[in-house]
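Following: one structure in structure tokens, then a few remarks.
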Amino acid sequence: MSEELTQEMQDELYGHIIVLHKPVFYFTECLTTYSKEDMIALADDLNYKVRRSKTKTVIAEDFFKKLSLRSQHQLSYQPKENLHLLKELMNGPKEIDFLPFSRKNPELFDLLHFRWVFLFYYEDTYTLVLPKETKEMLKSFIDDSDFKEDHKRKSLLRGYVEAFMNLYGAFETDFFLKVWNQHNKQYPLDLTEVLTELIGLAWFNERLRFTDNLEYIFDNYILDENNVPDFLLSSSHHDYYQPTKADITYFAHHEFDERTVQYKKMSRFLAKKLNSQKLKDVMDLIMIYIKLDLDMQGLVGELNSHFSIVFDSVEYIEEFSSFYLNLNNYSRKLSNKGNTPTEIANNYNRISSVPNNVVPFTNENTGKQEPIRVKKVGRNKPCPCGSGKKYKQCHGK
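For reference, each letter of the sequence shown is one residue, going 139 to 535 in this note's numbering.
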């Protein structure tokens, strides 16, 4: 039995992303299932100039002309999973179980948003359709060797910027460029080139943003632009953790390092009270608190209210605190420029007063630890864990 959408999801998706109509297979037919007002709104959203006073058919034709002109460039920034799906749909429509499919393929929404693909819901069936005109347009470049090479380079660049956001939160553009050129001698870039590529990528990535002077890149899910200078200043006494190629490969797809012994020990400890799905959610929440230097008391409150984890004995509290402290000290933190507290302690081992089990990063002027100024997550905003869900539907439940 197919998983059903909640009423809230229906209100958000039906009539916009999901077309309530029998599947049709030509672009003009697909787009004209919308009202004229909605067609114009879609064109405005994508900065497509259409003849607003004309018929729906003419507006659809204008829309497709603009889509065709931009598709090769824009699709070069899409993840390989989306290109694979487009190639699959070139063979014909595809019926899907929407919720599981969209969770497995979150980038699907880019294809739907730009109207490369349409999703119809009719007689309890969801059907993905690649219009015939779009199919012919894709045939002109999707298997071209130059396009494939361009897409390969941009996919690699996407992985690097995702990894950097997961490791650092905010960072100098020059640092990103330095690491990129050290790791990718086959794709050397200068500052102008890397900014051009990343600005193009940001069109499809709501996390990726730049300060006005383009000097810094930051994760929009975590930081406001106004807080970026203070955030970087607070960690200016640390050097950046220098990522290896293996680090980039891992952190391109992981918000946190789940490979450490300390992570696994905490997970085993909590597994005694939680099922597998709750365990994953709880570990994600713990790692968010550690990564963002949020207050442990707040974490305990959330674990109690959202997951019914009761700290009902001194022994349990002490065990949890011990596992938490060790996990904290071996986890990569934004406030440490991607270093773990243990790595920071090792770098400062000449300071005999710093115990090995204490988080060592301090403000140089005051000697006090400064909190990261993280963006308060609204309930309708994306969850910082990177799931793609709204905060209220994820760790804000």
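All C-beta atoms in this analysis are idealised placements derived from N, C-alpha and C, irrespective of residue type, glycine included.
The beta carbon of Lys270 is closer than 8 Å to those of Phe163, Tyr164, Phe165 in its chain, skipping five residues each way along the sequence. Cβ neighbours of Ser206 within its own chain (closer than 7 Å, five residues either side excluded): Met275. Under the three-pair Cβ rule at 8 Å, the stretch 210–222 counts as touching the stretch 285–294. Within the DSSP secondary-structure output, Tyr486 pairs in no beta bridge. Around the beta carbon of Ile426, a 10 Å sphere encloses 16 or more other beta carbons of the protein chains shown; the residue is thus reported as buried.
Within the same chain, Cβ atoms closer than 8 Å to the Cβ of Ala340 are found at Leu346, Arg347, Phe348, the five residues on either side in sequence being excluded. Every unbroken stretch of the beta strand (DSSP E) spanning 3 or more residues and falling wholly within the stretch 347–411 is given here in chain order: 354–357. Residue pairing by DSSP places Lys232 opposite Leu266 in a beta bridge. Using a 10 angstroms sphere on the CB of Gln435, the tally of other CB atoms stays under 16, which defines it as exposed. Considering only His321, Asp357, Lys323, the residue with the shortest C-alpha distance to Leu336 is Asp357. Two segments are said to touch when three or more pairs of C-beta atoms, one from each, lie closer than 8 Å; by this definition the stretch 291–300 touches the stretch 375–391. No Cβ-Cβ contact shorter than 7 Å links Met421 with Leu465. Just so you know, the alpha carbons of Tyr354 and Asn442 end up roughly 38 Å apart. Just so you know, the alpha carbons of Asn229 and His222 end up roughly 12 Å apart. Using a Cβ distance threshold of 7 Å, Tyr454 and Gln400 do not count as a contacting pair. Listed as beta-bridge partners of Glu310 by DSSP are Tyr354. Per the coordinates, the alpha-carbon of Leu268 lies some 12 Å from the alpha-carbon of Glu167.
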